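Here is the structure we will look at, set down as structure tokens.
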Amino acid sequence: MLQIDQLTTADPKVSLQDISFQFDAGNIYTILGRTGAGKTELLRALMGLNSLVKGDIQLDGQSIAKRPVKDRSMSLVYQQFINYPHLSVLDNVAFPLRRQGKKKSEAQLLAAKMLTTIGLGDFLQRRPAQLSGGQQQRVALARAMVKKSRILMLDEPLANLDYKLREQLREEFPRLVAGNDDSVILYTTTEPREAMELGNTMIVMTDGRIVASGPPADLFAHPPTKDAASVISDPPISFIAGFVRSGALYFGEDQLAPNNGLHLPPDGPVTIALRPDAIELGGAFNATIGLSEFSGSETIVHLDFDFGRAIMLVEGIETFEAGTHISVSIQAEHIMLFALDGQNITTRTK
Amino acid sequence: MNKFYHILKTLFLFGWSLFVVFPFLWALTTSFKDANAITSGATYIPWVDYEPSTQGWTSLFTTGSQGINIVGPFIDSAAVTLIASLVSLALGTLAAYGLSRFEYRLGFVKNADITFFFISQRIMPPIVLAIPFFLMLKELGALDTIFGLVLVYVALLLPIAVWVMTDFFAGIPKELDEMAMTDGCSPIGAFFRVILPNSVPGLVVAGMFCLIFGWNDFFFAFTLTFTETQLLPVSIVSLNSSVTPWWSLSAFALISVAPLACVAVIVERYMSRGTMSGAIR
Chain A
9 MLQIDQLTTA DPKVSLQDIS FQFDAGNIYT ILGRTGAGKT ELLRALMGLN SLVKGDIQLD
69 GQSIAKRPVK DRSMSLVYQQ FINYPHLSVL DNVAFPLRRQ GKKKSEAQLL AAKMLTTIGL
129 GDFLQRRPAQ LSGGQQQRVA LARAMVKKSR ILMLDEPLAN LDYKLREQLR EEFPRLVAGN
189 DDSVILYTTT EPREAMELGN TMIVMTDGRI VASGPPADLF AHPPTKDAAS VISDPPISFI
249 AGFVRSGALY FGEDQLAPNN GLHLPPDGPV TIALRPDAIE LGGAFNATIG LSEFSGSETI
309 VHLDFDFGRA IMLVEGIETF EAGTHISVSI QAEHIMLFAL DGQNITTRTK
Chain B
3 MNKFYHILKT LFLFGWSLFV VFPFLWALTT SFKDANAITS GATYIPWVDY EPSTQGWTSL
63 FTTGSQGINI VGPFIDSAAV TLIASLVSLA LGTLAAYGLS RFEYRLGFVK NADITFFFIS
123 QRIMPPIVLA IPFFLMLKEL GALDTIFGLV LVYVALLLPI AVWVMTDFFA GIPKELDEMA
183 MTDGCSPIGA FFRVILPNSV PGLVVAGMFC LIFGWNDFFF AFTLTFTETQ LLPVSIVSLN
243 SSVTPWWSLS AFALISVAPL ACVAVIVERY MSRGTMSGAI R
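Protein chains in written order, with the working numbering: chain A, 9 to 358; chain B, 3 to 283.
This is the structure in structure tokens:
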């Protein structure tokens with residue numbers, strides 16, 4: 009079990025602010041956040057590569073905050089596929105085992121086994137430069153996993169891969185990390201889909217803070233704050249300034265009667281969050297099309313309302329002319345309400 | 003167009019090769035000439051243009067009025083240059099690694115100032131350093147000794163090593179050091195096990211510069227030695243007499259250049275090898 013208490017750093021780029029969390033072995037924690045949210049800084053602080061201003065890191069109840077990097081039983085896979093260019097693939101993976109004091113033959117045997125598991129059994133004697141990007145990242149992953157560290161950290165490991173490879177490795181990831189039941193796996197990403205697919209627990213970070221954590225499905229359905237909702241949603245969620253008056257929810261002049269179990273807070277200003285699936289074609293709201301873009305099997309349509317801008321998701325490939333006026337409806341069951349301080353105040357009748 | 007470009011390129015390279023090789027060819031032919039052959043104009047082919055003589059070469063291994071023995075100076079030069087280059091490279095590499103990886107601050111002095119301090123040692127003209135070096139070596143009792151020359155040459159070569167290696171280390175991503183540490187190396191272990199093996203091209207370049215500057219130095223070899231120690235560039239001067247022995251000078255020049263040329267040929271392949279390709283993407 010990995011426990012962090014009030015972790016605070018003073019990094020020039022992003023500082024961690026008082027982060028406390030408990031990570032249990034056998035779980036995959038995906039840390040989701042935009043660039044500059046502090047994900048990498050958190051991993052580096054855990055690893056001992058960034059110094060702490062305050063706080064403690066405990067592994068199985070023992071503080072490791074002052075231990076040297078090499079003695080923390082942690083592995084890190086960087087976004088940039090870092091490998092040792094002067095060593096063969098086999099020796100790259102055997103390298104940490106040799107540092108653990110294993111004999112060369114034993115280390116190479118274990119490394120070869122790991123590389124075969126990860127699909128690189130035919131490339132043992134090659135240099136990293138002779139491999140494709142995806143293969144290089146697998147070497148880095150194999151090197152991190154072969155150590156059997158208590159904490160395996162992956163810092164946006166798929167970010168530098170092309171789309172196909174990313175999809176392929178994402179699919180393979182659960183198989184690749186299977187059998188690490190004694191380890192805590194931390195996986196950072198900027199992509200909500202990746203975070204939700206790969207993690208048992210999702211942690212959302214913004215500005216060096218953890219703003220939400222929990223099972224991915226729960227977090228997606230009920231993000232605790234506006235910031236968390238903004239990070240989790242892809243395509244982007246739209247926030248509209250609205251207000252509640254006399255039992256109705258107002259978007260500027262337009263109003264939406266509560267339905268489908270949405271409970272409205274007492275009268276006053278609120279922030280209305282519209283996920284793209286909350287808006288459907290045909291209805292009482294008038295909008296002007298700003299932009300439409302294809303995203304595989306869906307069309308993302310940017311709409312300009314009198315009360316603000318929002319995004320609508322339409323199934324299939326549809327063509328929408330920019331500047332065209334359309335009418336849409338807003339589905340109350342898909343909207344969320346946030347107080348002005350950013351807290352989620354959405355309540356529904358089950 | 004491609005063919006024309008290829009021909010042009012070949013011609014240019016051929017011309018350039020001639021330009022580079024010609025002085026060596028000239029020195030080689032001259033070294034096998036005697037006084038008569040030398041004064042009878044430009045000739046190149048032995049036994050056809052002139053009768054070859056080994057006088058130029060034998061005079062370099064003879065003592066007395068027939069020539070000078072350069073074996074001693076050669077060994078002294080090699081010893082001083084090699085030791086000074088190795089020490090400079092070792093110290094310079096460690097200093098450069100420190101400067102490229104850690105932040106130092108002493109008042110207003112920061113890493114860039116320290117690097118400039120090293121390099122600034124080469125800005126001064128050698129003559130400025132001659133008297134201080136002379137007095138220092140005299141105090142140490144190291145005047146006219148190989149040890150004294152090594153000390154001075156280390157001072158002269160260290161800035162070159164620091165300069166080249168600082169620049170080289172700056173090109174190696176810090177993440178590689180960090181990766182090595184996460185894989186179980188101490189910081190110094192990361193340097194020796196990962197960074198140094200990947201720094202061969204930089205070490206070769208820095209080493210070549212040190213060898214070249216050390217081997218070719220005349221000024222300090224001349225001002226800080228008398229009779230006990232003599233380096234190659236100084237001994238060449240003693241070949242001059244009322245009649246300039248061009249044959250001996252040519253042979254001497256070839257012998258002087260040979261070690262550096264051999265080293266260059268051996269290490270040339272390492273200059274392009276071991277780049278950081280495959281380290282980080």
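C-beta atoms are modelled at their ideal positions from N, C-alpha and C, and glycine is treated no differently. What you are looking at is a predicted structure, and each value in this text was computed from that prediction instead of being measured.
Within 7 Å of the CB of A:PHE328, no CB atom of chain B is found; the nearest one sits about 39 Å away.
Taking C-beta atoms as the reference points, A:ASP13 and A:ILE72 fail to come closer than 9 Å.
About 6 Å separates the beta carbons of B:ALA86 and B:LEU159, which is inside the 8 Å limit, making them a contact pair.
Contact between B:VAL206 and B:VAL269 holds: their C-beta atoms lie close to 5 Å from each other, under 8 Å.
Restricted to the stretch 217-266 of chain A, the beta strand (DSSP E) segments that are unbroken, complete and at least 3 residues in length are 217-222, 246-253, 256-259, 262-264, listed in chain order. With contacts defined as CB atoms closer than 9 Å, A:ALA281 and A:LEU206 fail to qualify as a contacting pair. For B:GLU177, at least one C-beta of chain A is nearer than 9 Å to its own C-beta. Counting of Cβ neighbours within 10 angstroms places A:ASP226 among the exposed residues, the total staying below 16. Taking the beta carbon of A:PHE103 as reference, the chain B residues within 7 Å of it are ASP185, listed in sequence order.
The beta carbon of B:SER90 sits no closer than 9 Å to any beta carbon of chain A. The stretch 172-187 of chain A makes contact with the stretch 147-160 of chain A, as at least three CB pairs between them are under 8 Å.
Under the three-state reduction of DSSP, B:THR12 is assigned to helix. For secondary structure counted as the beta strand (DSSP E) over 3 or more consecutive residues, the stretch 270-307 of chain A holds these complete runs in sequence order: 276-282, 287-303. Using a Cβ distance threshold of 9 Å, A:PHE313 and A:ALA249 do not count as a contacting pair. Annotation for A:VAL97: PHE131, LEU132, ARG134, VAL147 place their beta carbon closer than 6 Å to its own, counting only its chain and skipping 5 residues before and after.
Contact between A:LEU162 and A:VAL85 holds, since their C-beta atoms are separated by about 5 Å, short of 8 Å. Remark: C-beta atoms of B:ILE72 and B:LEU234 approach each other more closely than 9 Å.
For the C-beta of B:ASN200, the chain A residues within less than 9 Å are, from N- to C-terminus, TYR92, PRO93, HIS94.
The Cβ-Cβ distance between A:ALA295 and A:HIS333 falls below 9 Å. Between the C-alpha atoms of B:GLU105 and A:SER337 there is a straight-line separation of about 59 Å.
Taken through DSSP and simplified to helix, strand or coil, A:MET82 comes out as strand. The stretch 110-122 of chain B makes no contact with the stretch 184-191 of chain B: fewer than 3 CB pairs, one atom from each, lie closer than 8 Å.
Going by DSSP, B:ILE133 is part of the alpha helix (DSSP H) stretching over 128-142. Minimum Cα-Cα distance from A:PRO20 among the listed residues A:ASP215, A:VAL239, A:ASP349 corresponds to A:ASP215. When Cβ-Cβ separations below 9 Å define contact, A:LEU57 makes contact with chain B.
Under the three-state reduction of DSSP output, A:ILE72 falls in the coil class, being neither helix nor strand. Residues of the stretch 219-253 of chain A with a C-beta atom less than 8 Å from some C-beta of chain B do not occur.
For B:VAL267, no Cβ of chain A is located within less than 9 Å of the residue's own Cβ. Relative to A:GLY46, the option among A:VAL278, A:LEU289, A:LEU299, A:VAL22 whose CA is nearest is A:VAL22. Among the residues of chain A, those whose CB is under 8 Å from the CB of B:SER188 are PRO76, LYS78, following chain order. In the three-state reduction of the DSSP assignment, B:LEU251 falls in the helix class, which pools H, G and I. For A:SER59, the secondary structure class from DSSP, reduced to helix, strand or coil, is coil.
Cβ atoms of A:LEU160 and A:SER191 come within 8 Å of each other, at about 5 Å.
For A:TYR195, no chain B residue has a Cβ inside 7 Å of its Cβ, as the nearest lies near 16 Å away. Fewer than three Cβ pairs drawn from the stretch 17-26 of chain B and the stretch 304-313 of chain A lie within less than 8 Å of each other, which leaves the two stretches out of contact. In the structure shown, the three-state DSSP call for B:ASP78 is helix.
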